Amino acid sequence: MVENRPLATFVTHAVLIAGVVFLCFPVWMALVASTHGPEALSKAPIPLWFGDQGWQNYRDLLTTGLPEAGGVPVGLMMLNSLIMALGITIGKIAISLIAAYAIVYFRFPFRMGFFWMIFITLMLPVEVRILPTFDVITRLDMLNTYHGLIIPLIASATATFLFRQFFLTIPDELVEAARIDGAGPLKFFRDILLPLSRTNIAALFIILFIYGWNQYLWPLIVTTEENLYTVVMGIQRMANSGESLPVWHYIMGTAMLALIPPVVVVLAMQRLFVKGLVESEK
Amino acid sequence: MKRVVFRSRWLPYALLAPQIAVTLIFFFWPALRAIESSFFIEDAFGFAREFVAFENYARLFADAGYLKSFRTTLIFGVGVTALAMSIALALAVAANRVLQATTLYRTLIIWPYAVAPALAGVIWFFLMNPSLGIVAYWLDLLGYDWNHYQNGDQALLMVIVAAAWKQISYNFLFFLAGLQSIPKSMMEAAAIDRAGPWRRFWTITFPLLSPTTFFLLVINFVYAFFETFALIHATTSGGPSDSTSILVFRVYQTGFVGQDYGSSAAQSVILMALVIGLTVIQFRYVERRVNY
Chain A
60 MVENRPLATF VTHAVLIAGV VFLCFPVWMA LVASTHGPEA LSKAPIPLWF
110 GDQGWQNYRD LLTTGLPEAG GVPVGLMMLN SLIMALGITI GKIAISLIAA
160 YAIVYFRFPF RMGFFWMIFI TLMLPVEVRI LPTFDVITRL DMLNTYHGLI
210 IPLIASATAT FLFRQFFLTI PDELVEAARI DGAGPLKFFR DILLPLSRTN
260 IAALFIILFI YGWNQYLWPL IVTTEENLYT VVMGIQRMAN SGESLPVWHY
310 IMGTAMLALI PPVVVVLAMQ RLFVKGLVES EK
Chain B
18 MKRVVFRSRW LPYALLAPQI AVTLIFFFWP ALRAIESSFF IEDAFGFARE
68 FVAFENYARL FADAGYLKSF RTTLIFGVGV TALAMSIALA LAVAANRVLQ
118 ATTLYRTLII WPYAVAPALA GVIWFFLMNP SLGIVAYWLD LLGYDWNHYQ
168 NGDQALLMVI VAAAWKQISY NFLFFLAGLQ SIPKSMMEAA AIDRAGPWRR
218 FWTITFPLLS PTTFFLLVIN FVYAFFETFA LIHATTSGGP SDSTSILVFR
268 VYQTGFVGQD YGSSAAQSVI LMALVIGLTV IQFRYVERRV NY
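Chains as they are written, first to last, in this note's numbering: chain A, 60 to 341; chain B, 18 to 309.
Set out below in structure tokens:
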């Protein structure tokens, strides 16, 4: 702080607290609503403090699920989300690491051509090419499978770039030393490059896990079997449950279950998360 | 560029193969097919198709609904970007001022980044529900009648607020990083010259933040245009009467619900051109840095 102004300090804290309230309030209401029974949520104003139905609501959700959402237990949906998120994350990191390694540490024909091919994928989010991609998946017979959920999303220009930038900062002497000691390219990659990339991999892991967990459109069109529903996508079936009234206590409970894993990851690994986010977007 | 490299005839290709295979099969092939089918009209069963050149595009631009969707998308994009960036900037400036508590506030502000847009939408949908939502109830006490099931403008406002709510934490982190890189000595010099906090913000902080601001502008527009599909789909489904039907939602709607393959493909191509344009702008200007 440059100078001491009590009024400015007061305003600063007021702004911050207002912001935090604005950000937290919706989730607070969702959490509160998920602990009430349907009667408390049938007319306005709804309660602002917890009810006593919490355990029962969450137990119902996790074990039996809702008929409105196809009767799939939310526990199963969360498992599907976890498989998809981990598959996408690990897949993206693995293929980006080796692609960046090839581009940085080898000279071969069409090197830059491949580089630009990967670069261009940055520009084509799945939302804009949804129908033809669906068509491709149908032809490859990948509907309603885990690999259909995962593989189309694992190409990653961002991750490849991040690793490329990082590899470029590694001193050439390391490669020379490794070569003098008789290490081949694969041994160098495994024993020197991978251990050095640990922090970058961890930071990227957080960002990509959130990306994978929060996928919506892709699971929506690739899965028609209820057993493969993911939780972020499955909630939509409850909110738009046709003729019957939406069951808000269950919907908000599901919303809480869907947002807790990624939020916990962000908060628990805050330092790595900030590093990963700020660096992967540069 | 590395001076020392490994030599191998086949290894680099093998290392690149998985990434390139996924790219070819799930990016290039669909993109080319989208371009191809945008020139055809296909019957609903996919048996026959007819080459129509630019008719799909011509039909789109003659369609009042599609043009309205452009307008909706623009309002939505500007609304989300303005709201999410201004709140985030205010919070970042404030968080940068409180020295000891910055980390605490940062923790309290960044977590919505992890909330999926669909969930943000559903939660706000609940808060604003005309019959039992708490915010709608408060608005009612203030004498304001809220019903986003009937009022299109209110529905659009609701999805803008929900989308911006989720994006604040992202912008906040980048603004805070930008603020922390501004040298303290500059502020002190200005303070010695008797420039107050307000004046210092507009003459020093804001111009020095312009690269961050520009980068975030592009990112926020891309977010609002493309990543909010889930938010719209899980809440308003484009309604009431198409008032929240943004372009990405329309591609899906035309293709999967309306089964109009050619039109959906043409819309895809237009959107791809839009993303490529935005990305090019981002790289040309962000690389060069905004001058001040």
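We treat Cβ as the ideally placed atom computed from N, Cα and C, and that holds for glycine. Small disclaimer: the values here were computed from a predicted structure and weren't measured.
- Taking 9 Å as the Cβ-Cβ cut-off, the segment 122–142 of chain B approaches chain A at Y122, R123, T124, L125, I126, I127, W128, P129, Y130, A131, V132, A133, P134, A135, L136, A137, G138, V139, I140, W141 and F142, given in chain order.
- Using a 10 angstroms sphere on the CB of S103/B, the tally of other CB atoms stays under 16, which defines it as exposed.
- Taking the Cα of T98/B as reference, the smallest distance to any Cα among F189/B, N73/B, F45/B and F273/B is reached at F189/B.
- In the three-state DSSP reduction, F57/B falls in the strand class (E or B).
- Using a CB distance cut-off of 9 Å, E98/A does not count as an interface residue toward chain B.
- For the segment 261–276 of chain B, the set of residues with a beta-carbon nearer than 8 Å to any beta-carbon of chain A comprises V265, V268, Y269, G272 and F273, in chain order.
- In the displayed model, E98/A falls within coil according to three-state DSSP, outside both helix and strand.
- For E67/B, the enclosing beta strand (DSSP E) begins and ends at R66 to F68.
- The residue among Y154/B, E205/B and T271/B with its C-alpha nearest the C-alpha of P106/A is Y154/B.
- Between I294/A and V178/B, the CB-CB gap reaches or exceeds 9 Å.
- Residue environment for R114/B: buried (at least 16 other C-beta atoms within 10 angstroms of its C-beta).
- In the structure shown, F165/A adopts extended strand secondary structure according to DSSP, grouped into three states.
- Per DSSP, the continuous alpha helix (DSSP H) segment holding S103/B begins and ends at A81 to R114.
- Under the Cβ criterion (8 Å, minimum of three pairs), the segment 199–211 of chain A counts as touching the segment 143–153 of chain A.
- Bridge partners of F23/B according to DSSP: F165/A.
- For L91/B, no CB of chain A lies under 9 Å from its own CB, so it is not counted at the interface with that chain.
- With 16 or more other Cβ atoms inside 10 Å of its own Cβ, Q36/B counts as buried.
- Taking C-beta atoms under 8 Å as the contact rule, T229/B and F191/B qualify, at a distance of about 6 Å.
- Linking K201/B to R217/B through their CA atoms gives a straight-line distance of about 12 Å.
- For Q184/B, there are no neighbours in chain A by C-beta distance under 7 Å, as the nearest C-beta there is about 11 Å away.
- With the criterion set as a beta carbon lying under 8 Å from some beta carbon of chain B, the members of the segment 286–317 of chain A are V291, M292, I294, Q295, A298, N299, W307, I310, M311, A314 and A317, in sequence order.
- Around the beta carbon of R296/A, a 10 Å sphere encloses 16 or more other beta carbons of the protein chains shown; the residue is thus reported as buried.
- In the same chain as S55/B, and ignoring 5 residues on each side of it, the C-beta atoms closer than 8 Å to its own belong to N73, Y74, G279, A282, A283, S285 and V286, in chain order.
- Contact annotation: the segment 228–240 of chain A does not touch the segment 144–160 of chain A, with fewer than three C-beta pairs closer than 8 Å.
- Taking a Cβ-Cβ cut-off of 7 Å, H165/B has no neighbours in chain A, whose nearest Cβ is about 13 Å from it.
- Going by DSSP, A298/A is part of the alpha helix (DSSP H) stretching over V290 to A298.
- No residue range can be given for R64/A, since it is assigned to no alpha helix (DSSP H) and is classified by DSSP as neither H nor E.
- For the options D277/B, T40/B, L234/B and V21/B, the alpha carbon positioned closest to that of V95/B is the one of L234/B.
- Going by DSSP, A135/B is part of the alpha helix (DSSP H) stretching over P134 to M145.
- Per the coordinates, the alpha-carbon of I42/B lies some 8 Å from the alpha-carbon of V195/A.
- A111/B places its beta carbon less than 9 Å from that of V74/A.
- Legend: CB atoms of the segment 147–180 of chain B lying less than 7 Å from CB atoms of chain A belong to residues S148, L149, I151 and Y154.
- The three-state secondary structure of T253/B, taken from DSSP, is coil.
- Distances from the alpha-carbon of A48/B to those of W87/A, P184/A and L331/A put P184/A closest.
- When secondary structure is reduced to three states using DSSP, T229/B falls in the helix class.
- Distance from the CA of M176/A to the CA of L199/A, rounded to the nearest whole angstrom, comes to 22 Å.
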